[in-house]
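The number in our numbering is simply the position in the sequence shown, starting from 1, with 146 added.
By construction, the Cβ of each residue, glycine as well, lies at the ideal position given by its N, Cα and C atoms.
Please read all numbers here as calculations on a predicted model, not as lab measurements.
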Amino acid sequence: MHIVKNFENGYGISVIDNGIGSQAGLLELAVLHYGRLCFRTPITSNVHGWLTQKEVDILSKRVEALPKDLNCNHGFPEWNKEKEKE
Numbered sequence: 147m148h149i150v151k152n153f154e155n156g157y158g159i160s161v162i163d164n165g166i167g168s169q170a171g172l173l174e175l176a177v178l179h180y181g182r183l184c185f186r187t188p189i190t191s192n193v194h195g196w197l198t199q200k201e202v203d204i205l206s207k208r209v210e211a212l213p214k215d216l217n218c219n220h221g222f223p224e225w226n227k228e229k230e231k232e
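Encoded structure:
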C-alpha cells in the first residue's frame with residue numbers, strides 16, 4: 147500500500163505499509179512539499195516509522211496545518227550535512 151495525500155498549503159504525506167515498522171504491521175509516513183520529500187518541518191526531520199493508523203491520522207492533520215512559508219529541505223539529511231562541509 148502506498149497513499150499520497152496533498153494539502154492546499156503545498157505539503158502532503160506519503161504513507162507506506164512496507165517501510166519502518168512494517169514487520170509489526172505498522173506504517174511509515176513521510177512529509178512532502180509540492181510532491182517532494184521534505185526533511186525540515188516542526189513535525190519531523192526524517193520519516194516517521196512504527197505508526198498506527200491513528201498516529202498517521204494525527205500527523206496528517208498536523209501536516210495539513212503547516213504554514214506555507216516554511217523553509218523546506220528537499221534533500222536527504224545526511225547528504226545535506228556533506229554539502230555543508232564542502
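- Since Leu-197 sits in a beta bridge, which residues does DSSP pair it with? Leu-173
- Query: Which of the three DSSP states, helix, strand or coil, is assigned to Arg-208?
  - Reply: helix
- Message: Using only the alpha-carbon positions, how far apart do Cys-218 and Gly-171 sit?
- Response: 30 Å
- Query: Would Gly-195 pass as a contact of Gly-165 if the rule is Cβ separation under 8 Å?
  - Reply: yes
- Option in His-179, Ser-191, Val-202 with minimal Cα separation from His-148: Val-202
- Message: Need the endpoints of the beta strand (DSSP E) that Tyr-157 sits in, please.
- Response: 157-162
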